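Chains as they are written, first to last, in our numbering: chain A, 94 to 470; chain B, 13 to 151; chain C, 738 to 813.
Notes to accompany the following structure.
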Amino acid sequence: MHILVVGGGTGGTILANNLARRLAPEIRKKKVSLTLLSASDRHMYQPGLLYVAFGEMSVDELYRDEASLLSSHIDFHVDPVETFRLDQNEVLTRSGQTYEYDILVIATGSRIVPDQVPGLKEGAETFYTEAAALKLFQRLREFEGGTIAVTVDVPHKCPIAPVELIFLLHDYFKLRKIRDKVHIKYHYPIGRIHTIANVAKWAKPEFDRMNIEYETLFNMKEVDVENKVVRSEEGTETNYDLLIAVPPHRGMAVIEHNQLGVGGWIPTDRYKLTMDGHDNVYVLGDTTNLPVSKTGSAAHFEAEVVAENIAAVVKIGSPVRDYDGKVYCFIEAGHDRATYAMFDYSNPPDLKPASKPMHWFKVAYNQMYWNSVRGLL
Amino acid sequence: MNDAAETPLEPTENDDLARLIEFAQIVTAGRDAMSDHIVARVAKVLTEGLNLLDSVTRNSGLMRLFQVLESEDSQALLIAIADALHQAGRDIGGAEPAAGGLGSILRTARDPNTQETLRALTTFGALVSQSLRTQYASD
Amino acid sequence: MAESMKVDARDTYCPGPLMELITYMKQADVGDTLELLSTDEGSAADVPEWVEKVGHELVRNEQIDGVWHITVRKAK
Chain A
94 MHILVVGGGT GGTILANNLA RRLAPEIRKK KVSLTLLSAS DRHMYQPGLL YVAFGEMSVD
154 ELYRDEASLL SSHIDFHVDP VETFRLDQNE VLTRSGQTYE YDILVIATGS RIVPDQVPGL
214 KEGAETFYTE AAALKLFQRL REFEGGTIAV TVDVPHKCPI APVELIFLLH DYFKLRKIRD
274 KVHIKYHYPI GRIHTIANVA KWAKPEFDRM NIEYETLFNM KEVDVENKVV RSEEGTETNY
334 DLLIAVPPHR GMAVIEHNQL GVGGWIPTDR YKLTMDGHDN VYVLGDTTNL PVSKTGSAAH
394 FEAEVVAENI AAVVKIGSPV RDYDGKVYCF IEAGHDRATY AMFDYSNPPD LKPASKPMHW
454 FKVAYNQMYW NSVRGLL
Chain B
13 MNDAAETPLE PTENDDLARL IEFAQIVTAG RDAMSDHIVA RVAKVLTEGL NLLDSVTRNS
73 GLMRLFQVLE SEDSQALLIA IADALHQAGR DIGGAEPAAG GLGSILRTAR DPNTQETLRA
133 LTTFGALVSQ SLRTQYASD
Chain C
738 MAESMKVDAR DTYCPGPLME LITYMKQADV GDTLELLSTD EGSAADVPEW VEKVGHELVR
798 NEQIDGVWHI TVRKAK
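Shown next, in the form of structure tokens:
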């Protein structure tokens, strides 16, 4: 039986490693083969990008060789898929090879598409790529005063990032002793400062305490790069000296080219995590169309369920568990305190007060992530 | 909170309270001394340690080797090899270079040490082949 | 030809029903209608507020058995 995993990010790596543990005997006896295809030989810890933007982590700490993270039972190739032939149970890769599979897992992730908003690419900084995070770090270091506008587009990965950004900006300029020279204005597309009601309730007094100006129901329309103005669909506008944007996202281009899902979001069953219409194709992580947050945490918990189910299919012929929507996300509330949000399909998030030990847990997790991707945590 | 000693309490309560306060002060001092860097470094070591342990315990060859090495015979052999290497190093380093020629070879063949070595290697070789055949047969 | 589609955001909190609707609205063409399903009672107010502010058309907003069915037409 051939199991093929497409995508070497958080979801794909955890899934492959978890499967390698569960199916070790079958793989050794050559009854099952496990292959992972990735577009990159490196694995990036994406949450680290925000720390890079504030000079708290160095770029080399973000990456590890993907091969070093994978069990020896996994056949790993840096050879991205270009064509999916789901009806024939095979994929075609960039090197021209065809990989047949009995079970396919698509975990290709998502990408930013700033081009979707006129002027955004040229006019805004962001922290969603290595290059952008490094550039933002420079811009922040050189910033001596003025208005920083923070905008948020939909959909985007890591829904909590805009709030964390505000806390970090506030503390950053306080440490530089120029907080009074910096005016921070936060913009959010819906009628409150964050999509999770409990987060908005918690963050609002914090924003007031930190003297953050905010405008809700601000949906991005365009950026006037020359005049440094960002405009909304609602007809309002903000002048800025520095614009930091959370750009809109789409699934990877290969998903769109193969027409597996509009916008690159693959229609997925929210409990079984199988692709609609293809019971032998599992989808996890950012690339699903599920109304679940696009986070490493969701990918992690989804991967555990999918691994358990694929192993069960191999051993006893049927899946055993449903995904319950579980997500667990850290929320950095500044330089030295944090809280977290945990929720699933049945339970809304309920935030505890931010604390220093929780911040240390997050700092420790930045390292423990490398245990996580090996399927240990 | 340092007034504990002056507070009019029963002697035992006073001692316990003083000890609790001391403990709290240590915890606070520890907390203050703790930095992001310390947490990150310790977490990194623990993370790598756990990964290493995971790799080792999942390596069936290594685990079997540990089992074999646990026997006293294995340990005796390892010690013997270590001793021999150590002593041989000194002997070889201190000996004259070989003279060469057929006569020298005949002398070496007649040397009991040569025959000991050949016998050890033959026994060892036969056992390694046997083990390999058994392992590949069961795969 | 105007398409209509369902956005099932029942039992989800993050990013939540309204953000899901916005995602699909951006992918839709002018004239398409989207029916949002939500178990969050906040949606009954949040969604119409957004629809009006941005400039789309609210077609229907009703609650059936604890599920809000809110239909929106993309107007621009």
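We put the beta carbon where it would ideally sit given N, CA and C, even for glycine.
Quick caveat, the model's predicted, so the values are computed rather than measured.
- If only complete runs of 4 or more residues are kept, the stretch 218-243 of chain A shows the alpha helix (DSSP H) at 223-235, in order along the chain.
- At a cut-off of 7 Å between beta carbons, A/T288 contacts chain C.
- The stretch 362-381 of chain A makes contact with the stretch 194-212 of chain A: 3 or more CB pairs, one atom from each, lie closer than 8 Å.
- Secondary structure at A/D415: coil, using DSSP grouped into helix, strand and coil.
- Nearest to A/K123 by alpha-carbon distance, out of A/I167, A/G101 and A/D153, is A/I167.
- Of all residues in the stretch 270-295 of chain A, only P282, I283, G284, R285, T288, I289, A290, N291 and V292 come within less than 9 Å of chain C when Cβ atoms are compared, listed by chain position.
- Taken through DSSP and simplified to helix, strand or coil, A/V206 comes out as coil.
- Take the alpha-carbon of A/P140 and the one of A/H280: they are about 22 Å apart.
- Closer than 7 Å at the C-beta level to chain C, one finds these residues of the stretch 355-369 of chain A: V355 and G356.
- The DSSP assignment places complete beta strand (DSSP E) segments of no fewer than 3 residues inside the stretch 268-299 of chain A at 275-280, in order along the chain.
- DSSP lists C/K743 and C/T808 as the bridge partner or partners of C/E772.
- Looking at the backbone, the Cα of A/Y138 and that of A/L155 are separated by about 5 Å.
- Inter-segment contact for the stretch 744-755 of chain C and the stretch 766-778 of chain C is present: three or more beta-carbon pairs are separated by less than 8 Å.
- Not a single CB atom of chain C sits nearer than 7 Å to the CB of A/F311.
- For A/K214, no beta strand (DSSP E) segment is defined; the enclosing uninterrupted segment is the alpha helix (DSSP H) at L213 to G216.
- Spatial neighbours of A/N312 in its own chain (CB-CB distance under 7 Å, excluding positions within 5 residues in sequence) are listed in chain order as P282, S325, E326 and E327.
- C/Q800 is bridged by DSSP to C/W805.
- Taking the Cβ atoms as the reference, A/D417 lies roughly 28 Å from A/V339, outside the contact range of under 8 Å.
- Ranked by Cα distance from A/V145, the options A/G105, A/A225 and A/P298 are led by A/A225.
- In the structure shown, C/G779 falls within a coil segment according to DSSP collapsed to helix, strand and coil.
- Between C/Q764 and chain A, the shortest Cβ-Cβ separation is below 7 Å.
- Counting the other Cβ atoms within 10 Å of the Cβ of A/Q460 gives 16 or more, which makes it buried.
- At a cut-off of 7 Å, the C-beta of A/P211 has no neighbouring C-beta in chain C.
- Under the 8 Å Cβ criterion, the stretch 259-272 of chain A counts as touching the stretch 299-313 of chain A, having at least three qualifying pairs.
- Distance from the CA atom of A/S151 to the CA atom of A/I107, rounded to whole angstroms, is 24 Å.
- When beta bridges are read from the DSSP output, A/A338 appears opposite A/T244.
- Leaving aside the five residues that flank A/G284 on each side, the residues in its chain whose CB is nearer than 7 Å to its CB run, in chain order, T309 and L310.
- A Cβ-Cβ contact shorter than 7 Å links A/R232 with A/E218.
- Taking CB atoms only, C/K790 has a neighbour in chain A less than 7 Å away.
- Around the CB of A/P255, 16 or more other CB atoms lie within 10 Å, so the residue is classed as buried.
- Per the C-alpha coordinates, the member of A/Y375, A/K314, A/L197 and A/R121 positioned closest to B/Y148 is A/R121.
- Annotated three-state conformation of A/K314 is strand, per DSSP.
- Under the three-state reduction of DSSP output, A/N110 falls in the helix class.
- DSSP, reduced to helix, strand and coil, places A/I253 outside both helices and strands of the structure shown, so it counts as coil.
- Across the structure, C/E789 and C/K763 are spaced so that their CA atoms are roughly 16 Å apart.
- For A/F423, no Cβ of chain C is located within less than 7 Å of the residue's own Cβ.
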